[in-house]
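Start counting the sequence shown at 8; every next residue gets the next number (my numbering).
Here a beta-carbon is modelled for each residue, glycine too, at the ideal position from N, C-alpha and C.
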Amino acid sequence: MNVAVLGAGLAGLACAVELAERGHGVTLFERRPWAGGKTYSFRERETGELVDNGQHVFLACTTAYIAFLRKLGTLGLTVRQRRLRVPVYDERGRRAGLWSAPLPAPLHLAPALLSYRHLSVRDRLRVARAAANAGRMSEAERRALDGTSFAGWLREHGQTDAAIRDFWDFVIVPTLNCRSEEASAAAALFVLREGFLSAPDASAIGVPRAGLSALHVEPALRLLERHGAAVRLSCAVEQIDARDGAVEGVALSSGAWEAFDAYVSALPHTALLDLLPAGVRAEAPFAGLARMTTAPIVNLHVWFDRAVAPFEFAAFARSELQWVFNRTRLAREDMSGGEHLVVSLSAAEAYADLTKEQLKARFVPLLRRALPPARAAQVVRFVAVKEPEATFVAAPGTEALRPGPRTPLRNLFLAGAWTATGWPATMESAVRSGVAAARAVEVMPRPTLEPAAAAV
Numbered sequence: 008m009n010v011a012v013l014g015a016g017l018a019g020l021a022c023a024v025e026l027a028e029r030g031h032g033v034t035l036f037e038r039r040p041w042a043g044g045k046t047y048s049f050r051e052r053e054t055g056e057l058v059d060n061g062q063h064v065f066l067a068c069t070t071a072y073i074a075f076l077r078k079l080g081t082l083g084l085t086v087r088q089r090r091l092r093v094p095v096y097d098e099r100g101r102r103a104g105l106w107s108a109p110l111p112a113p114l115h116l117a118p119a120l121l122s123y124r125h126l127s128v129r130d131r132l133r134v135a136r137a138a139a140n141a142g143r144m145s146e147a148e149r150r151a152l153d154g155t156s157f158a159g160w161l162r163e164h165g166q167t168d169a170a171i172r173d174f175w176d177f178v179i180v181p182t183l184n185c186r187s188e189e190a191s192a193a194a195a196l197f198v199l200r201e202g203f204l205s206a207p208d209a210s211a212i213g214v215p216r217a218g219l220s221a222l223h224v225e226p227a228l229r230l231l232e233r234h235g236a237a238v239r240l241s242c243a244v245e246q247i248d249a250r251d252g253a254v255e256g257v258a259l260s261s262g263a264w265e266a267f268d269a270y271v272s273a274l275p276h277t278a279l280l281d282l283l284p285a286g287v288r289a290e291a292p293f294a295g296l297a298r299m300t301t302a303p304i305v306n307l308h309v310w311f312d313r314a315v316a317p318f319e320f321a322a323f324a325r326s327e328l329q330w331v332f333n334r335t336r337l338a339r340e341d342m343s344g345g346e347h348l349v350v351s352l353s354a355a356e357a358y359a360d361l362t363k364e365q366l367k368a369r370f371v372p373l374l375r376r377a378l379p380p381a382r383a384a385q386v387v388r389f390v391a392v393k394e395p396e397a398t399f400v401a402a403p404g405t406e407a408l409r410p411g412p413r414t415p416l417r418n419l420f421l422a423g424a425w426t427a428t429g430w431p432a433t434m435e436s437a438v439r440s441g442v443a444a445a446r447a448v449e450v451m452p453r454p455t456l457e458p459a460a461a462a463v
C-alpha cells in the first residue's frame with residue numbers, strides 16, 4: 008500500500024517508520040526544510056550554538072517513546088534515573104526534594120512528601136492524603152472528572168492555595184502546559200497516577216544528553232531511507248481533496264497533485280483544519296477541533312562563564328524559573344569553560360511576547376538569586392526560543408474533543424500528540440499516536456468494486 012504521511016514531527020516519523028517496517032510504500036511530506044516538528048535542534052543564528060527548540064524529558068513509564076529510541080539505537084544518548092530524584096529549590100535557593108524511596112507503590116513517595124520543606128507540616132499531610140485518594144480511585148472515576156478543573160478537585164480534597172502553588176503546579180505545569188486552575192482533573196490525575204503512583208520507578212526521569220535531532224529525528228530519517236521511503240522536505244500539502252467518503256489526493260505547494268492509497272495527517276490540529284474541505288471540516292470529529300486551545304512554551308538558554316548549578320536538573324517552587332536543566336552536566340562536558348543552563352517555561356503566555364532582552368533582564372537575576380555561584384558569574388550568551396503553539400491545553404472537557412486515528416473519510420487517518428492517546432501532549436503521546444495510525448492503516452477497509460458488466 009502507498010501511504011502519504013503529512014508532517015514530519017515525532018508523530019509523523021513514528022508512523023512513517025512503523026509503516027515502512029511493515030513493507031508499505033511511504034512518502035513523508037514536511038513543509039519546512041527540516042524534520043522534527045516540535046522536537047528538533049537548530050543552529051542559533053546570533054551565537055552559532057546548536058540548541059534544541061525545547062527542553063524535553065521523558066519518564067520510565069513512557070514505554071512507547073523508549074521503545075522508539077531503542078528501535079533507532081539512540082537510547083544510549085539519554086541520561087536515565089533508576090528512581091525519581093529531583094531537587095526542588097525556592098526563590099532563595101533553599102532546597103527540598105522529591106524522590107522515590109525503596110518502598111512499594113504508593114508508599115514510595117511518602118517520605119519525600121512528608122519532609123517537603125517548601126510546605127507547612129499540615130500542607131504536607133494534606134498533599135499525602137490527596138495523593139492517596141488519587142491512587143485509590145477507579146479509572147472510571149478519573150475519566151468522569153474531565154469536566155472538572157484540577158484545582159477544584161484539589162480544593163475538594165483539602166489542598167490550600169500554597170500547596171497548589173508550591174507543589175502541585177510544578178508537577179502539572181510542565182506535563183500539561185497549563186496550571187492546575189486551567190487543567191482538567193482527569194488529565195492531571197492521569198499524570199499523577201500513571202507517572203508517580205503506579206510503580207516506584209515509573210517517575211524516573213530521562214533527559215537527552217544529545218540534541219533532539221541527533222536523538223530521534225536524524226536516525227528516523229536514516230531508517231526510512233534504508234526502507235526506501237521518500238522524504239519530501241520543503242514540500243507542503245496545501246489541500247486535501249475528498250469525495251464520496253474518501254480522500255482522492257493532495258495538492259502540494261509545488262503545484263503538483265498526488266494520489267495515494269491512504270493518508271495520515273500528523274499535523275497540528277489547527278493546520279489540519281485549514282486543509283480539509285469545508286463540508287468535511289463541519290463534521291465530527293473535525294468540528295470539535297476548533298475548540299481545542301493551545302499554549303506556548305519558552306526556553307531560555309543561558310551560558311555562564313563558570314559552573315553555577317550543582318545539579319543536572321531541578322524544579323523551582325515560589326519562583327518563575329519552573330524547571331532548570333544543566334546541559335553541560337547532562338552532556339558530560341568539561342565545566343571549566345562554564346555552564347549552559349536551560350530555563351524551561353511552560354504555560355508561558357506571560358513571556359511569549361517579551362523580547363530577548365526583556366527575558367534576560369527578568370530571568371538572569373532570578374537565577375542569580377536562586378543559585379549563589381551565579382551571582383559572581385558573567386552571562387556569556389543568552390538565547391530565547393519560543394514555541395507559540397507548543398501543545399494543546401488539557402482544559403476541562405478537552406478529552407472528549409480528541410479524536411482517535413480513524414476518521415469518516417475511510418482512507419484518512421490522524422496522528423499527533425493531540426489525538427486520543429489517553430496521554431497529555433508529550434513525546435509519548437506523539438509516538439503512540441503514530442503507531443496507532445499506522446496500525447489503523449493496515450486494517451483499512453478497501454472499497455468494494457462493482458463486478459464488470461458481462462460482454463454481450
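Same chain, Cβ closer than 8 Å to residue i, five either side skipped, listed in chain order
{"i": "V95", "result": "R102, A103, G104, L105, Y123, H125, F177, A321, A322, F323 and A324"}
{"i": "A170", "result": "L126, D130, R133, V134 and L161"}
{"i": "A359", "result": "P303, V305, K393 and P395"}
{"i": "R186", "result": "A158, D176, I179, V180 and A354"}
{"i": "T414", "result": "P292, F293, F420 and L421"}
{"i": "A535", "result": "In this structure the chain extends from 8 to 463, so residue 535 is not present and cannot be described."}
Short CB-CB distance (under 9 Å) between residue i and chain B
{"i": "G83", "result": "The structure shown has no chain B; it contains just one protein chain."}
Within 9 Å, strictly: CB atoms of residue i and residue j
{"i": "S436", "j": "P412", "result": "no"}
{"i": "E37", "j": "G19", "result": "yes"}
{"i": "V58", "j": "V390", "result": "yes"}
{"i": "E217", "j": "L84", "result": "Before going on, a small fix: residue 217 reads as Ala here, not Glu. Result yes, Cβ atoms of A217 and L84 sit closer than 9 Å."}
{"i": "V438", "j": "A74", "result": "yes"}
{"i": "D335", "j": "G213", "result": "As written in the sequence, residue 335 is Thr, which differs from the Asp given in the question. Not in contact: T335 and G213 (Cβ atoms no closer than 9 Å)."}
{"i": "V64", "j": "Y270", "result": "no"}
{"i": "L419", "j": "A294", "result": "no"}
{"i": "S272", "j": "L17", "result": "no"}
{"i": "E319", "j": "L307", "result": "no"}
{"i": "A285", "j": "Q88", "result": "no"}
{"i": "E28", "j": "H234", "result": "yes"}
{"i": "R200", "j": "R150", "result": "no"}
{"i": "M8", "j": "D268", "result": "yes"}
{"i": "L361", "j": "Q329", "result": "no"}
{"i": "D97", "j": "D173", "result": "yes"}
{"i": "R39", "j": "L240", "result": "yes"}
{"i": "T46", "j": "L219", "result": "yes"}
{"i": "L228", "j": "A42", "result": "yes"}
Where residue i falls, given that 16 or more other Cβ within 10 Å makes a residue buried
{"i": "R143", "result": "exposed"}
{"i": "Q365", "result": "exposed"}
{"i": "A368", "result": "exposed"}
{"i": "S48", "result": "buried"}
{"i": "W430", "result": "buried"}
{"i": "W425", "result": "buried"}
{"i": "A236", "result": "buried"}
{"i": "Q166", "result": "buried"}
{"i": "A289", "result": "exposed"}
{"i": "L110", "result": "exposed"}
{"i": "G262", "result": "exposed"}
{"i": "R453", "result": "exposed"}
{"i": "E356", "result": "exposed"}
{"i": "G80", "result": "exposed"}
{"i": "G30", "result": "exposed"}
{"i": "A137", "result": "buried"}
Close-in-space but distant-in-sequence residues of the same chain around residue i (CB under 6 Å, 5 per side omitted)
{"i": "P380", "result": "V315"}
{"i": "A461", "result": "Residue confidence is low: A461 scores 38 on pLDDT, short of 50, so the model does not pin down where it sits. Its coordinate-derived value is still stated next. Hits under 6 Å: none found."}
{"i": "T182", "result": "V198 and P431"}
{"i": "V287", "result": "A249"}
{"i": "A445", "result": "C22, E25 and L26"}
{"i": "A422", "result": "A18, C22, V271, A273, S440, G441 and A444"}
{"i": "V450", "result": "none"}
{"i": "R90", "result": "S107, D208 and A211"}
{"i": "A195", "result": "F157 and I179"}
{"i": "G154", "result": "P403 and G404"}
heavy atom of the ligand NAD below 8 Å from residue i C-beta
{"i": "T300", "result": "Within the structure as shown, the ligand NAD is missing, as the structure has no ligands at all."}
Given residue i as reference, the closest of the options once Cα atoms are compared
{"i": "V309", "options": "K363, L419, A401 and A158", "result": "K363"}
{"i": "L259", "options": "A243, F267, L274 and A266", "result": "A243"}
{"i": "P410", "options": "A297, N333 and N140", "result": "A297"}
{"i": "E327", "options": "A377, R92 and D168", "result": "A377"}
{"i": "V331", "options": "R39, V93 and W41", "result": "V93"}
{"i": "H164", "options": "D173, A141 and S145", "result": "A141"}
{"i": "A401", "options": "L416, R313 and T428", "result": "T428"}
Other residues of its chain near residue i: CB distance less than 7 Å, five sequence neighbours each side excluded
{"i": "L468", "result": "The structure shown does not extend to residue 468, since the chain is modelled only from 8 to 463, so the question has no answer here."}
{"i": "T54", "result": "R388 and V390"}
{"i": "A112", "result": "L204, S205, A206 and P207"}
Cβ separation of residue i and residue j, assumed to be a contact under 8 Å, to the nearest whole Å
{"i": "A209", "j": "A397", "result": "Actually they are not in contact, since the Cβ atoms of A209 and A397 sit about 24 Å apart, beyond 8 Å."}
{"i": "V257", "j": "I247", "result": "6 Å"}
{"i": "R313", "j": "G345", "result": "6 Å"}
{"i": "E406", "j": "S145", "result": "Between S145 and E406 the Cβ distance is about 16 Å, and since that is not below 8 Å, they are no contact."}
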